[in-house]
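Numbered according to the working numbering, the first sequence spans residues 43 to 474.
Beta carbons: idealized from backbone N, C-alpha and C, even for Gly.
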Amino acid sequence: MPSSAGRLGLVIDLNLFRENPEQIIASQRARGKEVSLVSKVVELDQIKRTTLAEFETLRAAQNAHGKLVAQASKEEKVNLVAQAQKLSSDVKEADARAKLADEELTKIVFQIENIVMEGVPEGGADNFVVLKEIGKKPEFSFEPKDHTQLGEALDIIDIARGAKISGSRFYFLKGLGARLELAMMQMALDQASEAGFTALITPTLVKPEVMQGTGFLGEHSAEVYYLPADDLYLTGTSEVALAGYHSDEILEDLDTPARYAGWSTCYRREAGSHGKDTKGILRVHQFNKLEMFSYCKPEDAEKEHQKLMAWQEQMLEKCELPYRVIDVAAGDLGSSAARKYDIEAWVPTQEDFRELTSTSNCTTFQARRLNTRYRDENGKTQIAATLNGTLATTRWLVAILENHQQQDGSVIIPKALRPYLGGVERITPKAK
RNA sequence: GGAGGCCUGUCCGAGCGGCCGAUGGAGCUGGUCUUGAAAACCAGUGAACAGAAAUGUUUCGUGGGUUCGAAUCCCACGGCCUCCGCCA
Numbered sequence: 043m044p045s046s047a048g049r050l051g052l053v054i055d056l057n058l059f060r061e062n063p064e065q066i067i068a069s070q071r072a073r074g075k076e077v078s079l080v081s082k083v084v085e086l087d088q089i090k091r092t093t094l095a096e097f098e099t100l101r102a103a104q105n106a107h108g109k110l111v112a113q114a115s116k117e118e119k120v121n122l123v124a125q126a127q128k129l130s131s132d133v134k135e136a137d138a139r140a141k142l143a144d145e146e147l148t149k150i151v152f153q154i155e156n157i158v159m160e161g162v163p164e165g166g167a168d169n170f171v172v173l174k175e176i177g178k179k180p181e182f183s184f185e186p187k188d189h190t191q192l193g194e195a196l197d198i199i200d201i202a203r204g205a206k207i208s209g210s211r212f213y214f215l216k217g218l219g220a221r222l223e224l225a226m227m228q229m230a231l232d233q234a235s236e237a238g239f240t241a242l243i244t245p246t247l248v249k250p251e252v253m254q255g256t257g258f259l260g261e262h263s264a265e266v267y268y269l270p271a272d273d274l275y276l277t278g279t280s281e282v283a284l285a286g287y288h289s290d291e292i293l294e295d296l297d298t299p300a301r302y303a304g305w306s307t308c309y310r311r312e313a314g315s316h317g318k319d320t321k322g323i324l325r326v327h328q329f330n331k332l333e334m335f336s337y338c339k340p341e342d343a344e345k346e347h348q349k350l351m352a353w354q355e356q357m358l359e360k361c362e363l364p365y366r367v368i369d370v371a372a373g374d375l376g377s378s379a380a381r382k383y384d385i386e387a388w389v390p391t392q393e394d395f396r397e398l399t400s401t402s403n404c405t406t407f408q409a410r411r412l413n414t415r416y417r418d419e420n421g422k423t424q425i426a427a428t429l430n431g432t433l434a435t436t437r438w439l440v441a442i443l444e445n446h447q448q449q450d451g452s453v454i455i456p457k458a459l460r461p462y463l464g465g466v467e468r469i470t471p472k473a474k
């Protein structure tokens, strides 16, 4: 039986489009994205449902007839089979139409981004709102070095050799530099574990449907490394694997959010950022990251978002870094985020705040595409909400090194990190 | 990389072209018995989707194909296991 109309391609929950298309239209507009797609989806959804219903009716008739054939005597069978042939071709035709309708719908639905949450600032990249600013910026009585100079002088970051073997935006972390990153990651993982996160070391190569489902193949697909020989994508964050982790699953109990801390190396092509942050390790093709990821009920998502932010702030404080929190504007949100808060640390030599973490509330956007549901009090399945937030990345080293540098060229290790570095309190320049 | 075996409901495990969503057992739920429990016995019990419900569709690793009809036949892919080769 070739029929497959019952489970067409990716299962996408379209209730939002049926219930409140105006909201989605408004959202697309706020993001500066195509609006007409929404009515197209509504229209195609209707067509799909009609064709699917036709298929199901025909199929029911065919099934009923099939039982007759099975029970019939030899002589009766000849006639019955002739009728069955007709039924069969009708079913096949209806199946093909249903499939086609679904394919068209899927293509368009994937271009529509998540609904922007109420309260998100309007505008683009520069229209963020600063929610708070914490910590004291360091005041130097000397000319502070940037992290590249520090990395070289302390012999802990080797940019030149990174470029030699892999090209620009690659680097070696060396000696205490390597250990410092691991220390920071360990500290983050310990904090996450204490907070109830389950540690996961994730695959960094994923299938197209997972990449698609998490929303990374939309506008920013040029950012992603792709391996054509294997039809696999290198992930730019473990969020991809973590979101896919429970795809096509029904979570039986989400009264408490399911929380995972994903540790992975991340790969980014940085295709759109030529000439930007070319120095050092601020913007690189490969880095490590510990990512928090939560599955929860939609009504708990905003509360969870605040929690993720609090955990991030806790890490920043352990690293003794001055920072600010910004509420990212609608036009600058990733396609899956309904709201996004970035935490930016002060980078002295740039005299500016730079993004160290980002936490997004994806509401039901990812779960709708990845078919991740939970069972509510009444036993009914509902779409889950997903959220993510950074707990530590290689980029943090930039802020740690620059903020904690001393006049003699050394860098003081934040107290909380020392136990993870075998008690090392300070990184001093190599002897000449 | 080469050769072979396997993949069925929560689990074990039958079925190998048609009244098969699937026999049986374990488990689970309810009941009888018991002071209580265990045991025994009786009954019920896969899942998703749509629907108020009746009911319908889908589902036997995944995807294709053959056929009026596929868990059952064919092809491809994946996973697990065994053996050989190779290698961190």
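Using a threshold of 8 Å, state whether the C-beta atoms of isoleucine 89 and alanine 136 are closer than that.
Not in contact: isoleucine 89 and alanine 136 (Cβ atoms no closer than 8 Å).
Look at leucine 222 and serine 336 and say whether their C-beta atoms are less than 8 Å apart.
The answer is no: Cβ separation not under 8 Å.
Would glycine 51 be called buried (16 or more neighbouring beta carbons within 10 Å of its own) or exposed?
Below a pLDDT of 50, predicted positions are generally treated as unreliable, and glycine 51, at 43, falls in that range; no measurement from the model is reported.
I need the straight-line Cα distance from leucine 224 to tryptophan 305, nearest angstrom please.
Cα to Cα, the separation comes out at about 11 Å.
So who's on the other strand from glutamine 424, going by DSSP bridges?
Its beta-bridge partners are Tyr416.
Measure the beta-carbon distance from arginine 357 to glutamine 233 and round it to whole angstroms, keeping in mind my assumption that it falls under 8 Å.
The residue asked about is misnamed: residue 357 is methionine in this sequence, not arginine. Indeed, because the Cβ distance is near 6 Å, the residues count as touching under 8 Å.
Classify tyrosine 267 as helix, strand or coil using the three-state DSSP reduction.
Strand, per DSSP.
Could you check where the beta strand (DSSP E) with arginine 396 kicks off and where it finishes?
Looking at the DSSP string, the run of the beta strand (DSSP E) that includes arginine 396 is 394-403.
Assess, as a yes-or-no matter, whether the segment 170-182 is touched by the segment 83-101 under the definition of 3 or more beta carbon pairs within less than 8 Å.
At 8 Å Cβ cutoff, the stretches do not touch.
Whole angstroms are fine: how far does the CA of lysine 128 sit from the CA of leucine 122?
So the two alpha carbons sit approximately 10 Å from each other.
I'd like to check one pair, threonine 399 with threonine 432: are the Cβ atoms closer than 8 Å?
Yes; because the gap between Cβ atoms is below 8 Å, this pair is in contact.
Exposed or buried, threonine 320, counting other C-beta atoms within 10 Å across all chains shown (16 or more means buried)?
Threonine 320 should be labelled exposed.
First and last residue of the alpha helix (DSSP H) that includes serine 81?
78-113 is the extent of the alpha helix (DSSP H) around serine 81.
Would you mind reading off the limits of the beta strand (DSSP E) that contains arginine 221?
No beta strand (DSSP E) contains arginine 221, which is instead part of the alpha helix (DSSP H) from 218-236.
In the DSSP assignment, the beta strand (DSSP E) including glutamate 291 goes from what residue to what residue?
From DSSP, the beta strand (DSSP E) with glutamate 291 extends over 291-293.
So the beta strand (DSSP E) glutamate 333 belongs to, where does it begin and stop?
328-338 is the span of the beta strand (DSSP E), which, as asked, contains glutamate 333.
Any idea if threonine 279 is buried or exposed, counting beta-carbon neighbours within 10 angstroms, 16 or more meaning buried?
With 16 or more Cβ atoms within 10 Å of its Cβ, threonine 279 is classed as buried.
Out of Glu251, His327 and Asn330, point me to the one whose CA is closest to arginine 411's CA.
Nearest option by C-alpha distance: Glu251.
How about glutamine 408 and threonine 307: are their beta carbons less than 8 Å apart?
Contact flag unset, no.
Is it the case that the Cβ atoms of lysine 187 and glutamine 447 are separated by a distance below 8 Å?
The answer is yes: Cβ separation under 8 Å.
So what's asparagine 57 in DSSP terms, helix, strand or just coil?
Helix, per DSSP.
Does the count of Cβ pairs from the segment 388-404 and the segment 139-154 closer than 8 Å reach three?
Touching, no, given that fewer than three Cβ pairs across the two stretches are closer than 8 Å.
Identify which residue in Val133, Tyr275, Leu79 and Lys109 has its Cα closest to the Cα of leucine 100.
Per the Cα distances, Val133.
What is the residue span of the alpha helix (DSSP H) that valine 123 lies within?
Unbroken alpha helix (DSSP H) run through valine 123: 116-151.
With C-beta atoms as the reference, is glutamate 160 less than 8 Å away from lysine 75?
The answer is no: Cβ separation not under 8 Å.
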